[in-house]
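Some notes on the structure that comes next.
Residue numbers (the UniProt record's numbering): 1 to 129.
Here it is, written out as structure tokens:
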């Protein structure tokens, strides 16, 4: 199970943070997954990244250039950074100083454009999806 709990279980059809559950234990994750499967829902299971503290950076990459980036942070007491759930957004500046290199995964797969989501560094490297 994706490296074990805690896990984030998401409805694939969900938007705006709806259908996103933080399962803090293996038992909770199995229960949520069973419930979604019982509804014949498509789900995505992801590692919960505690170091992100409810924040992420979203980048729009065109060619090899970041053309836009925002940082989103969850409201107090929530882990979801969605604006519709009370999160806040601010303009993010992407520089070599913060260690984010959106063009690396972009170039690796030959994408013309791509939206990438980065999470807080773990062991000195940013995680992305």
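C-beta atoms are modelled at their ideal positions from N, C-alpha and C, and glycine is treated no differently.
Rounded separation between residue 75 and residue 22 - CA only: Position 75 of the chain shown holds residue 75. Position 22 of the chain shown holds residue 22. Going from the Cα of residue 75 to the Cα of residue 22 covers about 15 angstroms.
What does the alpha-carbon distance come out to for the pair residue 93 and residue 38? Locating residue 93 in the chain shown gives position 93, counting from the first residue. Locating residue 38 in the chain shown gives position 38, counting from the first residue. One C-alpha to the other measures close to 43 angstroms.
Am I right that residue 59 and residue 66 are in contact with their C-beta atoms under 8 angstroms? What's the rounded C-beta distance? Translated into positions along the chain shown, residue 59 becomes position 59. Translated into positions along the chain shown, residue 66 becomes position 66. That belief holds up - the Cβ atoms of residue 59 and residue 66 are roughly 5 angstroms apart, short of 8 angstroms.
Beta strand (DSSP E) containing residue 16: first to last residue? What you label residue 16 is simply residue 16 of the chain shown in a count that begins at 1. No beta strand (DSSP E) contains residue 16, which DSSP labels as neither H nor E.
Please report how far the alpha carbon of residue 48 lies from the alpha carbon of residue 63, in whole angstroms. In the chain shown, residue 48 corresponds to position 48, counting from 1. In the chain shown, residue 63 corresponds to position 63, counting from 1. Rounded to the nearest angstrom, the two C-alpha atoms are 30 angstroms apart.
Output the residue ranges of the alpha helix (DSSP H) runs that lie fully inside the UniProt domain "ATP-grasp fold RimK-type" (4-96) and measure 4 residues or longer, sorted by chain position. 26-38
Go through its chain and collect everything with a Cβ distance to residue 25's Cβ below 7 angstroms, but skip five positions before and after it. Taking the first residue of the chain shown as 1, we reach residue 25 at position 25. So the list reads 5, once near-sequence residues are dropped.
Could you pull out every residue in the same chain whose Cβ sits closer than 6 angstroms to the Cβ of residue 90, ignoring the five residues on either side in sequence? As a working mapping, residue 90 is identified with position 90 in the chain shown. 71, listed in sequence order.
Whole-Å CB distance - residue 11 paired with residue 41, under 8 angstroms assumed: Here residue 11 refers to the residue found at position 11 of the chain shown. Here residue 41 refers to the residue found at position 41 of the chain shown. Confirmed, about 5 angstroms.
Would you grab the beta carbon distance between residue 9 and residue 45 for me? Rounded to a whole angstrom, and I think it's under 8 angstroms. One-based indexing of the chain shown puts residue 9 at position 9. One-based indexing of the chain shown puts residue 45 at position 45. With 8 angstroms as the limit, residue 9 and residue 45 qualify as a contact, their Cβ atoms being about 6 angstroms apart.
Out of 115, 68, 86, 116, state which residue places its alpha-carbon closest to the alpha-carbon of residue 17. Along the chain shown, read from residue 1 onward, the residue named residue 17 stands at position 17. Selected option, being the one with the closest Cα: 86.
How many whole angstroms separate the CB atoms of residue 55 and residue 31, which I take to be in contact at a CB cut-off of 8 angstroms? If you number the chain shown from 1, residue 55 lands on position 55. If you number the chain shown from 1, residue 31 lands on position 31. Between residue 31 and residue 55 the Cβ distance is about 27 angstroms, and since that is not below 8 angstroms, they are no contact.
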